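Respectively, the protein sequence lines represent chains A, B and C.
For the first sequence, the UniProt record's numbering begins at 1 and goes up steadily by one.
For the second sequence, the UniProt record's numbering begins at 1 and goes up steadily by one.
For the third sequence, the UniProt record's numbering begins at 1 and goes up steadily by one.
Backbone N, C-alpha and C fix where the C-beta goes; we use that ideal spot for every residue, glycine too.
Note that this is a predicted model, so its numbers are computed, not measured.
Have a look at the structure below before the remarks.
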Amino acid sequence: MNQPLLSVKNLTIDYIGDETDFRAVDNVSFDVAPGEVFGLAGESGCGKSTIAFAISRLHRPPALIRTGSEILLDSREVLDLNPQELAAFRWREVAMVFQSAMNSLNPVLRVEAQFYDVLKTHLGMTKAQARERTAEMLKLVDINPDRMRDYPHQFSGGMRQRIVIAICLALGPKMVVMDEPTTALDVVVQREILQRINELRKKLGFSVLFITHDLGLMVQFCDRIGIMLGGKLVEQNTAQAIYRTPQHDYTKKLWASFPSLHGGVLA
Amino acid sequence: MKTLLRNRKALVGLAIIATIAILAIAAPLLTEYNPATRTGRPHQAPSMDHILGTTRIGQDVFARVLYGARTSLMVGFGAGLLITLVGTVLGIVAGYRGGKTDEVISFFTNMVLVVPNLPLLLVLAAFIGQASPVVIALILGATSWAWGARVTRAETLSVKQKDFVKSAEMMGERQWRIMAFEIFPNVISIVGINFIGSVIFAIITQATLEFLGLGDPRAISWGNMLFAAQKASALSVGAWWEILTPCFALAFLGIGMSLLNFAVDEIANPRLRTGNRLGRWSLLVRNGEGRL
Amino acid sequence: MAFLFRRLAFYLAAFLAAATINFFLPRLMPGDPIQLMFSSAGAELPPESLEALKLTFGFVDGPLWQQYLTYLGSIFTGDLGRSIKYFPLPVTSVLGHALIWTLVLMGTATIISFILGTWLGVMAAWKRGSRFDVIVSVSAIFATSVPAVVTSLIVLFVFGFTLDWFPNGYAADPSLDPAFTLQYISSVAYHGVLPMVTLCTVLIGGFTVTMRNNMINLLGEDYIVMARAKGLSDRRVMLWYAARNALLPTVSSLAIAIGTILGGSLVTEVVFNYPGLGNVLYQAILARDYPVIQGQLLIMTATMLVANFIVDVSYVLLDPRLKAA
């Protein structure tokens, strides 16, 4: 692999408790190449979301990223960024789609305003410029730009998640982290959204860190996959290898718990 | 209970309440004076004879505040229990039964919530006339259950959806048994919060009603002490001990109860807890063992 | 809109309930209700006035429902009878005059403590676990747990009597004529300081705690985390994402708090001898002036309902999800 876009090395994260600490992520290392889709799979509580949060440094106390951990994006150490650099880094370089489609948008602000605050903060756009960009982004995800003055509750769950994706892409980030982006949606909408992301990715060239507990979905969507268990990355390989020749016992167990898989790789 | 004892706020709160309770029970051992009768000259400043001075009619303030604690605690816990009982029963029944029952109970609950409580109590107490502590506890129980009923109902609605309730229904369990043995144990934290809040409310309200002259003036209680002191213009004539003593007693009890209240809140809602993990976290960051 | 109309209908029912309590209470007490209600009138009231008063309160010959309708009739035509203590003043004018002072005192204190308390709660939640949070939370516990009577008396003792910084009673210098002059208004402000400080102390803790808890519950929401991930400034995330949403439950808890605020304000007025409803009521209780005591329940209920309606309207304005409904 040539120069990776994201390189996570020896990442260890604890949740500090009153007396003892809980190790959520234990010495995890992996790389994501430019334009690649990398998947992290594992059951809930295995630490995959904790990794996602760490990449944009979204953790709050009592979470603690242990010394010795490294998160490099384009060879720059994310953990060393000062507050101004961090503010500029977030969303511009790494954008994120969160677990619940229903809750990622602020219920009391218009959709337009939630685009505008990103465009203003990072690009210093005026309201008129931002509106133009918003319309462009909404069209990209098949939402009528006339609806930008609506509130989030006026959209369906699938539409809301498409809006979030549009906000994600508004600054042209190098990487999009997707933390269970489709869990709350029904299967048809789920597929439609993933297809859309895939098209956009081919067009715009960003990398994706894709996180889910749904291994079947992951194999269709990802280039490479890492399997997590109890905070450790127990296996990583190409999607095909994970599917056809799983090495680790846990990966085999995960497959055994699935009904047989239909449908091939997502085009 | 164990988690309660590990919480610092709860410990301090319990210690305060226990202290007051012990003082109240041991009152006859701590003072030789009868709280109801004249035991010295009027408005004497604190001295060896009367450690907290005397009232305008020469009663011993220390004796009155000790015996008064009995009244405050009994009315507080008695009325608190009553308020919680009514609120819990109505809340669970409304939440579990749903339909018409729920509509009727909720309508009354919301109605009681918008009729201001103190003015209502004033009217009731005024017509009853010189309400004794027991009567005050009863009318508090009758008028102040609405908040508890509302929160218990809300909690019941979410517990009702749980599988163990569904399975009890499938097995043909009687409704009252489901409410008593399936729902109630699962809304117990709300009931606890309701109880402590109601006790605080009852103590404050009883003192307020008596301070406004609606209590039975013969009862020995902190509210009546305030009423008598206010009528005797204790502050204007410089007899601060007559008024500050019951003030501090009430404040002390109030703080004890509130600390307990916040502790229970924190235990029921772990997100509110701060605990010493944040202290440990800062220490680790300072020592360079990690960052965010 | 439909939501607000439903609320209005409900408020009418609640007001009716308060009136019904007033009607039945004397009739449920042992003994003769007329004797009970007007015992304090003694020989001071001319007989024809007493007759008029009886009529107002529905003591007419005839079945109970007829008496009830008579009473409701007088209430809805704005006739609450006459005060016995301040005879021949009508209850409405005795209470109406006092209500203005109460509303000024209570309204100002509510607004000040709501803004200040909410702000403290937002900051405390945002700096969770910091020294600021600990100090604010602990002080809020102390402030909320001390009864209004006690706070008033201690404030009066310390600042009124011991330090003698502020007057100990009345709403203004009694030697001044009420007028819109600078002198009178500044006298009102000066006299208002202690009751205002007391009420704010009593109220602020509740707002702080509610807002802090609401904020903390919200800080884990995805839209807050997403706002941070967007690289927005802390200030913007705190105010427009967290506080803006945490304000909704805070505003609805304000509706329930209004009753407590009213109660606190009554007591404070008694302690500071402030000419508001609380004081009038205290005098009425001492004199067993039942028409005034009953009238205050109606006026307080009406005040509470209006305040609730204002809260409803602001809730609808604050939450776009309700506007469509």
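| Query | Result |
| --- | --- |
| Member of C:136, C:318, C:23 and C:93 whose CA lies at the smallest distance from the CA of residue 73 of chain C | C:23 |
| Chain-ordered neighbours of residue 222 of chain C on chain A, where CB pairs are closer than 8 Å | 98, 99, 100, 103 and 104 |
| Cβ of residue 62 of chain B within 8 Å of any chain C Cβ | no |
| CB of residue 272 of chain C within 8 Å of CB of residue 152 of chain C, strictly | yes |
| Distance CB(residue 66 of chain B)-CB(residue 31 of chain B) smaller than 8 Å | yes |
| Same chain, Cβ closer than 6 Å to residue 38 of chain A, neighbours up to 5 away in sequence not counted | 32, 209 and 224 |
| Any C-beta of chain B under 8 Å from that of residue 17 of chain A | yes |
| Cross-strand partners of residue 90 of chain C (DSSP beta bridge) | C:82 |
| Under 9 Å from the C-beta of residue 121 of chain A: neighbouring residues of chain D | Absent from the structure: chain D. Protein chains present are A, B and C. |
| Interface flag, residue 197 of chain A vs chain B, CB-CB below 8 Å | no |
| C-beta atoms of residue 24 of chain A and residue 47 of chain A nearer than 8 Å | yes |
| Neighbour flag for residue 2 of chain C against chain A, beta carbons, 8 Å | no |
| Through-space distance from residue 182 of chain C to residue 166 of chain C, alpha-carbon basis | 18 Å |
| Neighbour flag for residue 200 of chain A against chain B, beta carbons, 8 Å | no |
| Residues that residue 235 of chain B contacts on chain A, provided the C-beta gap is smaller than 9 Å | Going along chain A, no residue has its Cβ under 9 Å from residue 235 of chain B, so there is no contact; the nearest lies around 47 Å. |
| Per-residue burial, residue 59 of chain B [other beta carbons within 10 Å of its own, 16 or more giving buried] | buried |
| C-beta contact flag for residue 209 of chain C and residue 129 of chain C at 8 Å | no |
| Assigned exposure category for residue 53 of chain A - 16 Cβ within 10 Å defines buried | buried |
| Straight-line Cα distance separating residue 33 of chain C from residue 131 of chain B | 18 Å |
| Inter-stretch contact (C-beta, 8 Å, three-pair minimum) for the stretch 137-149 of chain B and the stretch 72-79 of chain B | yes |
| Outcome for residue 37 of chain C when other beta-carbon atoms lying within 10 angstroms are tallied against a minimum of 16 | buried |
| Contact with chain C by residue 141 of chain A, beta-carbon distance below 8 Å | no |
| Cβ contact check for the stretch 181-198 of chain B and the stretch 151-160 of chain B: 3 or more pairs under 8 Å | yes |
| DSSP three-state assignment for residue 273 of chain B, whether helix, strand or coil | coil |
| Among B:116, B:96 and B:90, the one whose alpha carbon lies nearest that of residue 145 of chain B | B:90 |
| Buried versus exposed call for residue 146 of chain C [16 or more other C-beta atoms within 10 Å across all chains shown] | buried |
| Cβ contact check for the stretch 160-180 of chain A and the stretch 188-206 of chain A: 3 or more pairs under 8 Å | yes |
| Counted within 10 angstroms of its Cβ, other Cβ atoms place residue 115 of chain C as buried (16 or more) or exposed | exposed |
| Under the three-state DSSP convention, the category residue 37 of chain B falls into | coil |
| Touch test, the stretch 259-272 of chain C against the stretch 292-307 of chain C, Cβ-Cβ under 8 Å, three pairs minimum | yes |
| Residues of the stretch 64-84 of chain A whose Cβ lies closer than 7 Å to any Cβ of chain B, in chain order | 64, 65, 66, 67 and 79 |
| Pairwise C-alpha distance: residue 263 of chain B and residue 4 of chain C | 38 Å |
| N-terminal and C-terminal residue of the beta strand (DSSP E) that residue 39 of chain A is part of | 37-41 |
| Min CB distance residue 328 of chain C to chain B below 8 Å | Because chain C here runs from 1 to 325, residue 328 of chain C falls outside it and cannot be looked at. |
| Contacts around residue 181 of chain B, its chain only, beta-carbon distance under 6 Å, and the 5 residues preceding and following it disregarded | none |
| Where the alpha helix (DSSP H) through residue 314 of chain C begins and ends | 290-318 |
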